[in-house]
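Count along the sequence shown from 1, then add 2; that gives the number in our numbering. So the structure is just underneath, and the comments pick up after that.
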Amino acid sequence: MDNVHVGQSRTSVKSVSAAASPVLGPQVSKVLLIDEEALFREGLCSLLSDAQEIAVVGDTEAMSDALALAGARDPDVILLGIRDADGATMAVHHLRQAAPQAAIVILGAHANFGLVQELLSAGVRGFLSRTASGHELIATVRACRESNRRVFLAVPPEALLLSRRQSNDVRLTDREREVLDLTACAMSNAQIAASLGLSEPTVKRHLRNIFSKLGAVSRIDAVNKARAASLISARRPTGFFS
3 MDNVHVGQSR TSVKSVSAAA SPVLGPQVSK VLLIDEEALF REGLCSLLSD
53 AQEIAVVGDT EAMSDALALA GARDPDVILL GIRDADGATM AVHHLRQAAP
103 QAAIVILGAH ANFGLVQELL SAGVRGFLSR TASGHELIAT VRACRESNRR
153 VFLAVPPEAL LLSRRQSNDV RLTDREREVL DLTACAMSNA QIAASLGLSE
203 PTVKRHLRNI FSKLGAVSRI DAVNKARAAS LISARRPTGF FS
């Protein structure tokens with residue numbers, strides 16, 4: 003999502019620097035939409051613009067533009083479209099820095115327990131499947147403004163239940179547990195290798211096996227799943243990443 007095609011973004015970087023945030027009523031939810039598919043993005047903009055008490059204050063496919071818009075337009079809700087886990091957590095982190103007041107809702111192409119859990123841990127307020135209905139999307143946007151203590155999910159429940167059951171049936175070797183315990187302490191591969199007297203390639207191999215067994219999409223996802231299945235200590239060590 004690094005390239006912007008001219009004419010596809012309702013609010014360009016130039017207009018962000020030149021225009022202030024539009025003046026809207028206090029009950030209007032200001033929405034920023036980020037998605038790389040122009041047709042999908044335009045459809046959502048049309049849907050949201052027709053809804054009462056919702057205003058789209060910007061939309062773009064590029065994360066660089068999104069960060070500028072988030073800082074300039076003071077959105078209440080950011081809708082972030084993702085295709086997979088790659089870079090999603092980092093995108094959420096940057097958006098939260100640019101607009102700490104905004105509720106971030108993910109529009110995901112694929113939902114699984116690990117991905118949803120990781121993004122919720124990163125601070126998103128909701129995860130909706132890209133096949134969710136317009137009613138579900140509008141209701142989520144409105145609910146995010148009404149409550150800052152709830153999260154909102156519109157994903158197939160069977161996918162989450164299947165992944166949870168699979169994580170409970172996992173069996174890790176003693177060495178894999180050691181590697182995962184040190185991973186939970188925010189150690190790098192090099193530090194884990196030095197601590198256990200292993201080579202870095204061996205540590206990477208153990209982590210690949212752990213990810214495969216747990217169905218994890220990242221290190222923090224693997225640690226969270228292992229804790230949920232009581233495979234490692236539930237205590238969060240000092241300095242553990244979030």
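Every residue gets a Cβ at the ideal spot worked out from N, C-alpha and C, and that includes glycine. Keep in mind that this is a model prediction, so the values were computed, not measured.
- Taking C-beta separations shorter than 8 Å and ignoring five residues to either side along the sequence, the partners of residue 84 in its chain run 90, 93, 108, 109, 110 and 111, following chain order.
- Runs of the alpha helix (DSSP H) spanning 4 or more residues and lying entirely within the stretch 43 to 82 occur at 65 to 75, in chain order.
- Residue 145 carries a helical assignment under DSSP once its states are collapsed to helix, strand and coil.
- Per the coordinates, the alpha-carbon of residue 50 lies some 43 Å from the alpha-carbon of residue 211.
- DSSP places residue 156 in the strand class (E or B) of the three-state scheme.
- Just so you know, the alpha carbons of residue 73 and residue 67 end up roughly 10 Å apart.
- For residue 53 and residue 81, the gap between their C-alpha atoms comes out near 15 Å.
- The beta carbon of residue 96 sits closer than 8 Å to the beta carbons of 65 and 69 from its chain, once the five residues preceding and following it are set aside; these are given in chain order.
- In the three-state DSSP reduction, residue 118 falls in the helix class (H, G or I).
- By the neighbour-count definition (other C-beta atoms within 10 Å, threshold 16), residue 175 is an exposed residue.
- Annotation: the continuous beta strand (DSSP E) that includes residue 107 extends over 105 to 110.
- By the Cβ test, the stretch 228 to 235 is in contact with the stretch 177 to 188, since at least three Cβ pairs between them sit closer than 8 Å.
- Under the DSSP definition of a beta bridge, residue 84 partners with 110.
- For residue 33, the CB contacts under 8 Å within the same chain, skipping 5 residues up- and downstream, are 50, 56, 57, 58, 59, 77, 78, 79, 80, 81 and 143 in chain order.
- For residue 41, the number of other beta carbons within 10 angstroms of its own is below 16, and it is reported as exposed.
- Going by DSSP, residue 184 is part of the alpha helix (DSSP H) stretching over 176 to 185.
- Residue 205: member of the alpha helix (DSSP H) spanning 202 to 216, first to last residue.
- Excluding residues up to 5 positions away in sequence, 191 lie with their Cβ nearer than 8 Å to the Cβ of residue 206 in the same chain.
- Taken atom to atom, the span from the alpha-carbon of residue 208 to that of residue 31 is near 46 Å.
- Taking C-beta separations shorter than 8 Å and ignoring five residues to either side along the sequence, the partners of residue 218 in its chain run 116, 212, 224 and 227, following chain order.
- Counting only residues of its own chain and dropping the five nearest sequence neighbours on each side, residue 130 has a CB closer than 8 Å to the CB of 107, 108, 109, 110, 138, 139, 142, 154, 155, 156 and 157.
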